[in-house]
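**Student:** Got a structure for you, questions after.
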Amino acid sequence: MAKEAKEKGGGEAPARRAGDRGRYGRLSRERVLASALDLVDRDGLSALSMRRLGAELGVEAMALYRYAASKDALLDGLVEALHLELEERLAGEAAAAGWRAELGRIAEATYDVCLAHPQVVPLLSTRMLAVPLARRPLATLRHHERVIGLLQEAGLDAERSAAVFRAFTGWVLGYVSVELQAMVDNPEEPDPGFRLGLHHMPPQELPRLREVAPALAERGGPEGLAAGLAALLDRFGREERGERTA
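For the sequence shown, our numbering assigns the number 48 to the initial residue and increments by one for each residue that follows.
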């Protein structure tokens, strides 16, 4: 029957149940992950399931287990997809002169990729809590290798490289997470205070937070990311030279 359908239609036969040919052609891991990323970007992490992703690709859900063995593997694939996009972005730009400037370039590229895919950003933390280092996606490990390599090229030994790597990673992911925090209570409200829902916050208990909330609602942008990174690296530089830090 498949042969007859192909001969009559002049094209490919319909996909078999749980086959790996969807409505847009043969599947691949790259296509599966790209489609998963598009789905999450559009509808959020809660919408992601094997059944829903299979429907997006025009195949049965069982066909996807060849490319992601479980829902957790699919989530790890989203982390991989983000790091692959980060690799592409960095490869398309000229490397910065000096290790500090290159760390800044990596931090800004990470910021841009994360803001392009805000629904996936929580996985950069939660999946790292669940997946041992050696079992993380290769693209993620290459990112770790890139940062640690820069630190060691700067003359830091393994112990100091690990310390700065932790601080660098913590600052970048923490900064991005704060940038993406939900702040707006009523997007239809033109008044800034009501837009943020400050009337829900008791003024006697939270006077400082109410005062600062409008500023917190504004993103710090890559400039704030760079300023914090510079301060962090300055501190480690002073410690490396044996200077006292406040």
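All C-beta atoms, glycine included, are put in the ideal place defined by N, C-alpha and C.
Can you check which of these residues, Leu-104, Gly-105, Met-97, is closest to Ser-117 by C-alpha distance?
**Tutor:** Selected option, being the one with the closest Cα: Met-97.
**Student:** Using the C-alpha atoms, what's the distance from Asp-159 back to Pro-273?
**Tutor:** It is Ala, not Pro, that sits at residue 273 in the sequence shown. About 13 Å.
**Student:** Based on Cα-Cα distance, which residue from Ala-163, Val-211, Gly-217 lies nearest to Glu-286?
**Tutor:** If we check each option's Cα against that of Glu-286, Val-211 comes out closest.
**Student:** What is the DSSP secondary structure of Arg-182, reduced to helix, strand or coil?
**Tutor:** Arg-182 falls in the helix class under three-state DSSP.
**Student:** Rounded to the nearest angstrom, what separates Leu-203 and Ala-138 at their Cα positions?
**Tutor:** Their backbone Cα atoms lie some 25 Å apart in a straight line.
**Student:** Buried or exposed, going by whether 16 or more other CB atoms sit within 10 Å of the CB of Val-259?
**Tutor:** It counts as exposed.
**Student:** So, for Ala-115: in the same chain, excluding its five sequence neighbours on each side, which residues have a beta-carbon less than 6 Å away from its beta-carbon?
**Tutor:** Here the set comprises Leu-121, Gly-124.
**Student:** Can the beta-carbon of Gly-267 be found closer than 8 Å to that of Glu-226?
**Tutor:** For Gly-267 and Glu-226, yes; Cβs fall inside 8 Å.
**Student:** For Ala-110 versus Leu-74, is the C-beta spacing smaller than 8 Å?
**Tutor:** Taking 8 Å as the Cβ cut-off, Ala-110 and Leu-74 qualify as a contacting pair.
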